[in-house]
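These notes concern the structure reproduced below.
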Amino acid sequence: MHKITIGVNGKPYSLSVPAQMTLLEVLREELDLTGTKEGCGNGECGACTVIMDGQAVRSCLILGVEANGREIATIEGIAESGELQPIQQAFIEEDAVQCGFCTPGFIMAIKAAIDNNPALNDKQMMEALGGHLCRCTGYETIFKAFKRVRKRSVEQKE
Ligand code: FES
Ligand code: FES
Numbered sequence: 009m010h011k012i013t014i015g016v017n018g019k020p021y022s023l024s025v026p027a028q029m030t031l032l033e034v035l036r037e038e039l040d041l042t043g044t045k046e047g048c049g050n051g052e053c054g055a056c057t058v059i060m061d062g063q064a065v066r067s068c069l070i071l072g073v074e075a076n077g078r079e080i081a082t083i084e085g086i087a088e089s090g091e092l093q094p095i096q097q098a099f100i101e102e103d104a105v106q107c108g109f110c111t112p113g114f115i116m117a118i119k120a121a122i123d124n125n126p127a128l129n130d131k132q133m134m135e136a137l138g139g140h141l142c143r144c145t146g147y148e149t150i151f152k153a154f155k156r157v158r159k160r161s162v163e164q165k166e
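According to this note's numbering, the stretch in the sequence shown is residues 9 to 166, in order.
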């Protein structure tokens, strides 16, 4: 077992975890944060995406011990004071959710992309969603939601 300290959604946690436990397992099994989903378990679907120190990462590919000392944001932490976060709102407005399994991963990827560059272009948006799979194939509405978020963030900067 290895001792780690991680920040998750602004709260510090000290845990003892097996060396082979992934960050995804730490979040879901140790912290009961089950909003982050496991699809493929090997880095190919994006369902497990969280934000680590400002960058979107696939939590199934990161060991808990590698996350030691890092700050993690998950889907549970992005809505503030009971209000939907603007990306969540945009997904509702564009009807971009079907079964919802892929949705947390898409939202966290979009959040990291917008936080890092609020005025990103269409190509950069496509790149930000590269490798994210939606088995319900709702890509068009997800992209529309992303564009809606970009428009709002550009307007806020003006
Ligand atoms: S579960 Fe991590 S990329 Fe699919
Ligand atoms: S909404 Fe079902 S997998 Fe994307």
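Cβ atoms here follow ideal geometry from the backbone N, Cα and C, with glycine treated the same way. Keep in mind the model is a prediction, meaning the values are calculated, not measured.
Any chance the CB of residue i is under 7 Å from a heavy atom of ligand 1?
i      : result
Cys56  : yes
Arg36  : no
Arg143 : no
Glu46  : yes
Gly77  : no
Arg160 : no
Cys110 : no
Glu88  : no
Arg156 : no
Gly72  : no
Glu101 : no
Ala51  : One point to set straight first is that residue 51 is Gly, not Ala, in the sequence displayed. For ligand 1, at least one heavy atom lies less than 7 Å from the Cβ of Gly51.
Quick check: the Cα distance between residue i and residue j, rounded to an integer number of angstroms?
i      : j      : result
Cys144 : Val105 : 9 Å
Ser89  : Gly18  : 14 Å
Ile70  : Gly108 : 23 Å
Asn125 : Gln93  : 17 Å
Ile12  : Lys119 : 26 Å
Gly51  : Ile14  : 22 Å
Glu91  : Met9   : 38 Å
Glu79  : Cys142 : 27 Å
Gln96  : Leu128 : 19 Å
Asp174 : Ser24  : In this structure the chain extends from 9 to 166, so residue 174 is not present and cannot be described.
Cys110 : Ala27  : 27 Å
Go through its chain and collect everything with a Cβ distance to residue i's Cβ below 7 Å, but skip five positions before and after it.
i     : result
Thr44 : Leu32, Leu35, Arg36, Cys56, Val58, Ser67, Thr82, Ile83, Pro112
Leu39 : Val16, Tyr21
Gly49 : Cys68
Asn76 : Ile12, Thr13, Ile14
Which same chain residues end up closer than 6 Å to residue i when comparing Cβ atoms and leaving out the 5 residues on each side of it in sequence?
i      : result
Gly47  : Cys53, Ala55
Leu41  : Leu35, Thr82, Glu84
Gly136 : Per the sequence presented here, residue 136 reads as Ala, with Gly not at that position. The answer, listed in chain order, is Ala117, Ala121.
Met29  : Gly72
Gly139 : Gly54
Ile86  : Gln93
For ligand 3, is there a heavy atom less than 7 Å away from the beta-carbon of residue i?
i      : result
Cys107 : Of the ligands this structure carries, namely ligand 1 and ligand 2, none is ligand 3.
Just to check my reading of the structure: residue i and residue j have Cβ atoms closer than 8 Å, yes? What is that Cβ distance to the nearest angstrom?
i      : j      : result
Val157 : Ala98  : 5 Å
Glu74  : Thr149 : Rounded, the Cβ-Cβ distance is 34 Å, inconsistent with contact.
Please go through the same chain and pick out, in chain order, the residues whose beta-carbon is closer than 8 Å to the beta-carbon of residue i, but skip the five residues on each side of it.
i      : result
Val165 : The sequence shown places Lys at residue 165, not Val. Excluding residues within five positions, the ones whose Cβ falls inside 8 Å are Pro126, Ala127.
Met133 : Ala121, Phe151, Phe154, Lys155, Arg158
How about residue i: is its C-beta nearer than 8 Å to some C-beta of chain C?
i     : result
Asn76 : Going by chain labels, chain C is absent from the structure shown, which holds only one protein chain.
Looking at ligand 2, does it come within less than 7 Å of residue i, judged from the CB to the closest heavy atom?
i      : result
Gly146 : yes
Uninterrupted beta strand (DSSP E) stretches inside the stretch 26 to 107 (no shorter than 3 residues) = Listed in chain order, the complete beta strand (DSSP E) runs (minimum 3 residues) inside the stretch 26 to 107 are 57 to 60, 63 to 66, 79 to 81.
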